[in-house]
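Below you'll find the structure, written out as structure tokens, and then a few comments.
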Amino acid sequence: MCGIVGALTDRPVAPLMLDALRRLEYRGYDSAGLATLADGVLHRRRAAGKLAGLEAVLAAEPLPGTSGIGHTRWATHGPPTVANAHPHVAGRVAVVHNGIIENHAALKAELKAEGVVFTSDTDTEVVAHLLDRAIRHGQTPQEAMAALMPRLAGAFAFVVLVAGEDDLLLAARRASPLAIGLGDGEAFVGSDAVALAPLTRRIVYLEDGDWAVLRRGGVRVFRDAGVPVERPEQISTVTSAMVGKGNYRHFMEKEIHEQPEAIAHTLHAVLDPGTGRATIPPPLDAPGIPKITIVAAGTSYYAGLTARYWLESLAGIATEVELASEFRDRDAVLPPGGVAIAISQSGESLDTLMALRRAKELGQKVLALVNVPESTIARESDGVLLTRAGPEFGVASTKATTAQLTALCALAIALGRAHGRLSEERATALREALVGLPGRVGEVLQHEAHFMRIAHDLARARDVLYLGRGLSYPIALEGALKLKEITYIHAEGYAAGEMKHGPIALIDETMPVVILAPTDGWFEKTASNVSEVRARGGKVILLTDAAGAARLGEPGDHVIVLPTVDPMVAPILYAVPVQLLAYYAAVEKGTDADQPRNLAKSVTVE
Ligand code: G6P
């Protein structure tokens with residue numbers, strides 16, 4: 007949710023920051039801007055829309071200087087105009103900001119009473135004015151920052167550049183992520199280590215509530231009104247080779263194709279190479295866990311819904327799945343000794359972080375399932391289970407989702423064994439089914455031309471219904487989400503059994519119905535739903551296996567025949583075709599699959 011970057015260098019800083027912003031554009035792309043210092047004087051360029059707009063402005067009017075800050079915005083306060091684009095400047099101070107200053111209205115009123123005139127609708131501008139006022143009144147920038155921090159409420163990260171201070175950046179984080187990069191006589195700061203990957207791999211992660219003073223010679227970290235603290239330097243595992251699109255048109259296309267590796271790497275990390283079994287991470291290794299509560303948002307929530315089936319039927323553990331944004335403000339009744347699992351690709355979704363904290367307040371131990379080991383959610387949890395999908399940039403999650411599902415399934419199998427619910431024979435068969443998945447996903451990816459043909463029709467629909475039962479139900483929800491977020495076609499996912507209680511009224515000859523029907527315990531019932539759709543003239547797009555196609559396929563349908571797998575792991579495989587349908591429908595419609603309107607990948611506002 008907004009990407010921020012700052013750099014103190016010995017080379018022209020604007021191109022370098024523009025490049026870093028490209029790697030942060032997944033966080034928002036409503037507007038972009040840079041500010042630099044040249045001979046102590048602030049210069050600024052801003053543009054509405056995606057980064058390409060700022061590039062054009064910079065081509066016409068390059069920015070001088072070797073120190074600067076940059077921003078790519080996901081609008082919260084004020085429309086995506088140039089006036090609301092960051093950096094925001096007040097007197098000597100320029101600020102780029104991610105998150106929300108919750109008490110901005112009170113601070114704004116205080117400043118207005120002193121005659122300050124605001125030039126934007128943003129909450130950010132108060133930070134620039136408060137720091138500028140303190141500096142004008144004789145404080146050093148560092149003193150001004152120390153005085154400011156206790157006055158700010160909310161979840162945010164920001165970076166400050168001060169006119170006349172060529173060797174200084176101030177940075178702060180509260181809940182929103184921020185990483186500092188150390189170079190050779192250079193210093194950097196950015197929303198994540200990926201943004202800094204080509205610049206340095208020496209990273210200092212700020213803890214929640216930290217603020218920092220960066221100079222070319224190093225960084226000093228403080229808390230509250232200026233208490234110094236030590237934060238260790240770490241070597242980031244992200245390399246610059248991981249952050250490009252390769253030969254693909256979109257990150258989403260590349261990431262869909264990286265799924266065999268993402269699943270295989272995740273399994274490799276989760277399964278012990280000696281025994282082939284998964285180790286159960288704490289706090290799930292405790293005996294007699296009465297209940298698991300999964301909290302997550304978006305696609306990660308659907309991975310959680312799938313995991314509920316596994317945890318209940320393989321491990322026999324009562325499981326509830328909660329939308330993080332709802333759970334955090336509810337008085338959920340949770341048993342002592344219960345465990346919460348926070349699922350998040352980024353490990354930074356603010357709703358999920360707040361839900362994690364709420365679960366702790368309610369006496370639960372927390373396991374994080376994240377793709378970013380250094381993320382806030384990982385650091386605040388009692389145990390961590392990592393997916394090894396590699397950096398994901400497409401706003402619509404693909405490889406991270408199938409990696410999450412893989413890790414969750416392996417975990418449920420291990421819990422099933424530990425709780426004496428699964429025989430070793432069945433557990434071995436299930437682990438083998440998981441190990442075979444990269445190959446099966448690879449087979450699905452070879453039939454792209456077929457997906458393109460179906461997507462051609464799908465792209466012309468106004469509404470699309472996705473149906474699935476049991477383990478296929480969450481994937482139906484996921485398929486509908488994927489389609490709506492990247493093509494803007496209205497789509498709904500429904501439990502197939504619920505179709506007769508409402509959505510059946512929508513079905514006519516213009517409405518494609520995507521039905522997920524692997525031959526599993528729910529197949530016969532789903533087959534009846536297929537007939538009901540046909541009887542009302544609906545256009546059937548059937549995702550099934552060879553046996554299902556032989557039993558159900560009819561000449562008028564689109565039938566996608568997927569490899570036959572153990573029904574327990576089928577949702578992991580079936581997640582792939584729904585991604586491909588949505589992706590090719592977006593290509594057909596000409597919408598931007600990587601940067602769909604109004605969305606952002608990492609949502610660090612509430
Ligand atoms: C945003 C993205 C979704 C993502 C969700 C949760 O809404 O657009 O694609 O699934 O955040 O993200 P997380 O990083 O917590 O998994």
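Quick note on my numbering: the sequence shown kicks off at 7 and runs consecutively.
For every residue, glycine included, the Cβ atom is placed at its ideal position computed from N, Cα and C.
Computed from a predicted model, the values in this text were never measured in an experiment.
So, residue i versus residue j, is the Cβ gap smaller than 8 Å?
i    : j    : result
T412 : A581 : no
T404 : I262 : yes
A606 : R33  : yes
A330 : T358 : yes
I513 : G544 : yes
A185 : D173 : no
P342 : G369 : yes
L69  : E31  : no
V571 : L548 : no
H103 : I241 : no
V132 : L117 : yes
L489 : N535 : no
E491 : P602 : yes
A576 : L436 : no
A169 : L48  : yes
L202 : G187 : yes
T382 : E354 : yes
V244 : R237 : no
D138 : V165 : no
Enumerate in chain order the residues of its own chain whose CB-to-CB distance from residue i is below 8 Å, with the five nearest sequence positions on each side excluded.
i    : result
I323 : I295, K297, I298, L317, L421 and H425
F333 : T299, V301, A361, R364 and A365
L22  : A13, T15 and L205
G191 : D16, R222 and G223
Spatial neighbours of residue i within its chain, please: CB distance less than 7 Å, with the 5 preceding and 5 following residues excluded, ordered by chain position.
i    : result
L428 : L320, I419 and G422
T493 : A465, A588, A591, A592, K595 and T597
G310 : I300, A302, V327 and I349
D127 : H83, G84 and N90
G554 : A523, P524, T525 and F529
L273 : T412, A416, L440 and V441
V122 : H135
G215 : R180 and R229
If I follow the unbroken beta strand (DSSP E) through residue i, where does it start and stop?
i    : result
R221 : D216 to R221
I419 : Segment K405 to A424 is the alpha helix (DSSP H) holding I419; no beta strand (DSSP E) there.
K371 : K371 to V376
P288 : No beta strand (DSSP E) contains P288, which DSSP labels as neither H nor E.
I295 : Taken as a continuous stretch (DSSP letters only), I295 belongs to no beta strand (DSSP E), as it is neither H nor E.
H77  : S73 to R79
R142 : Not the beta strand (DSSP E): R142 falls in the alpha helix (DSSP H), residues E131 to R142.
L392 : G389 to L392
A185 : A185 to L188
L616 : Examination of residue 616 is not possible in this model, given that the chain is present from 7 through 612 alone.
L14  : G9 to L14
Checking the sheet assignment: what are the DSSP bridge partners for residue i?
i    : result
I107 : G160
P518 : K545
H496 : D469
R50  : A41
Y211 : A185
Identify whether residue i lies in helix, strand or coil by the three-state DSSP scheme.
i    : result
S197 : coil
D551 : strand
H453 : coil
R540 : helix
Q240 : strand
S306 : helix
V233 : strand
H92  : coil
L30  : helix
E560 : coil
V447 : helix
Y254 : coil
V276 : helix
T312 : helix
V19  : helix
I460 : helix
In the DSSP assignment, find the alpha helix (DSSP H) that holds residue i and state where it starts and stops.
i    : result
Y590 : A576 to K595
A330 : A330 to F333
R437 : E430 to V441
G59  : L57 to A66
T358 : L356 to E367
I383 : T382 to R385
Closer than 6 Å by C-beta to residue i: which residues in its own chain qualify, once you throw out the five before and the five after it? Chain order, please.
i    : result
A152 : A231 and G232
A501 : Y479
L483 : Y308 and G499
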